[in-house]
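When you line the sequence shown up against mature numbering (1 follows the signal peptide of the UniProt record, and there is no 0), it's residues -24 to -1, 1 to 299, in that order.
To keep things clear, I will list the structure first and then write my remarks on it.
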Amino acid sequence: MTFKRKLLLAVLPFAFSLSMPASALDIKFAEIHPAGYPTVVAEQNMGKKLEAASNGEITFKMFAGGVLGSEKEVIEQAQIGAVQMTRVSLGIVGPVVPDVNVFNMPFVFRDHEHMRKIIDGDIGQEILDKITNSEFNLVALAWMDGGSRSIYTKKPVRSLEDLKGMKIRVQGNPLFIDMMNAMGGNGIAMDTGEIFSALQTGVIDGAENNPPTLLEHNHFQSAKYYTLTGHLILPEPVVMSKTTWNKLTADQQALVKKVAREAQMEERALWDAKSAASEEKLKAAGVEFITVDKKPFFDATASVREKYGAPYADLMKRIDAVQ
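Listed below in structure tokens is the structure:
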């Protein structure tokens, strides 16, 4: 081999690297929800904007349907930078960043619109900042709308009394377990991916979530009763690994924040349409939507708000004051 050819082979990789963007960064986004779900669609559109606006310096790939693991597993991957971005339920964040538990309080929001005003304003940004400034090693960028959560069961729940003794799946947060127990049920912590078989085999009698989740995860095949308690209205943060965030330039960081906020607003419209369509499909599939008096459920969870809400008493007053 001639010296000239050796030199050419030696410099080719270097030349190729020069042709690539200097700050090229591949973003893997992990989602527990399936393709077509409102959060997934908004996040994918966010990725397209990132790629276009960064002129290819940032690439984006969505991994939907829980293929990279449960929310807990994905968060652990994001903390070390193996996964670059994800959307996560606050129930998973609460045990690590206690301040977010103010949003996890049962009945802390009057209704869905009240929750949206909160996350769009100063309080919403304060909670994102608390996640970012914690030792969680994540940067919280925006909020996805997780809908209003109610109880779905194999047997109808038409009152607080009907819930007594039922084994109900909740997210793995002591607050949610105590909430379900306070309402008379038996709170069982379990990953989303385990619910379908647990319902079929009788390990649990029901779960609590929103209509799109009941539909998309096929839980309605076993749980035909949806009781409109509305006990939780949980926004869900979009987060980036701080390891990844620190690799971005200041302009790239500003871009990520911008498109994440746009995704927050886009997902809202998608959510409203999906929620309404899901309710119609569930009714057509034989699911009964049960309207109940919420006051007994509110009163039953007063002890939970007192126990977990004490550190956030002032913040809860600010939330209540937002009209």
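Note that beta-carbon positions come from the ideal geometry of N, C-alpha and C, so glycine has one too.
N-terminal and C-terminal residue of the beta strand (DSSP E) that PRO213 is part of | As a first step, residue 213 must be located in the sequence shown, where it is residue number 237. 201 to 217 is the span of the beta strand (DSSP E), which, as asked, contains PRO213.
Just mark ALA(-3) as buried or exposed, buried being the case when its beta carbon has 16 or more other beta carbons within 10 Å.
-> Taking the sequence shown and counting its residues from 1, the one referred to as residue -3 is at position 22. Residue confidence for ALA(-3) is low, a pLDDT of 44 falling below 50, so the modelled location carries little weight and cannot support an answer.
What is the rounded straight-line gap between the Cα of GLU255 and the Cα of ALA(-1)?
-> On the sequence shown, position 279 is the one that residue 255 refers to. On the sequence shown, position 24 is the one that residue -1 refers to. Cα to Cα, the separation comes out at about 43 Å.
Is the stretch 30 to 48 close to the stretch 240 to 259, with three or more CB pairs under 8 Å?
-> no
Spatial neighbours of GLY97 in its chain, beta-carbon cut-off 6 Å, leaving aside the 5 residues before and after = The count along the sequence shown starts at 1 and reaches residue 97 at position 121. Contacts found: none.
Does the distance from the C-beta atom of residue 315 to that of TYR201 stay below 8 Å?
-> The shown model of the chain, from -24 to 299, leaves out residue 315, and the question about it has no answer.
Hey, is the stretch 228 to 245 in contact with the stretch 76 to 86, meaning 3+ C-beta pairs nearer than 8 Å?
-> no
GLU184, DSSP secondary structure in three states = Numbered from its first residue, the sequence shown carries residue 184 at position 208. Of the three classes helix, strand and coil, the one that applies to GLU184 here is strand, per DSSP.
Sort ASP275, ILE8, GLY70 and PHE273 by Cα distance to GLY148 and report the nearest one.
-> Reading the sequence shown from its first residue, position 172 is the one you call residue 148. Measuring from the Cα of GLY148, the nearest candidate turns out to be GLY70.
According to DSSP, is THR35 helix, strand or coil?
-> For the purposes of this step, residue 35 is taken as the residue at position 59 of the sequence shown. Of the three classes helix, strand and coil, the one that applies to THR35 here is strand, per DSSP.
Closest by CA to SER251, which one among ASN186, THR203, GLN240 and GLY182?
-> As a working mapping, residue 251 is identified with position 275 in the sequence shown. Of the listed residues, the one whose Cα sits closest to SER251 is ASN186.
Please name the residue, chosen from PRO14, ALA58, GLY41 and ALA18, that lies closest to LYS4 on a Cα-to-Cα basis.
-> For the purposes of this step, residue 4 is taken as residue 28 along the sequence shown, with counting starting at 1. Of PRO14, ALA58, GLY41 and ALA18, the residue nearest in Cα terms is ALA58.
How would you write the range of the alpha helix (DSSP H) that LEU175 sits in, first residue to last?
-> The count along the sequence shown starts at 1 and reaches residue 175 at position 199. Here the alpha helix (DSSP H) through LEU175 covers 171 to 177.
Going straight from the alpha carbon of ILE99 to that of ASN162, what length do you get?
-> What you label residue 99 is simply residue 123 of the sequence shown in a count that begins at 1. What you label residue 162 is simply residue 186 of the sequence shown in a count that begins at 1. Approximately 32 Å, taken between the alpha carbons.
Start-to-end residues for the beta strand (DSSP E) that takes in GLY123 = Taking the first residue of the sequence shown as position 1, residue 123 is located at position 147. Where GLY123 is concerned, the enclosing beta strand (DSSP E) stretches over 114 to 129.
In three-state terms, what does DSSP make of ASP98?
-> By one-based count along the sequence shown, residue 98 stands at place 122. Reduced to three states, the DSSP call for ASP98 is helix.
Under the three-state DSSP convention, the category THR277 falls into = In the sequence shown, residue 277 corresponds to position 301, counting from 1. The answer is coil: DSSP assigns THR277 none of H, G, I, E or B.
Along the alpha helix (DSSP H) that carries THR15, what are the first and last residues, could you check?
-> For the purposes of this step, residue 15 is taken as the residue at position 39 of the sequence shown. Segment 14 to 29, the alpha helix (DSSP H) holding THR15.
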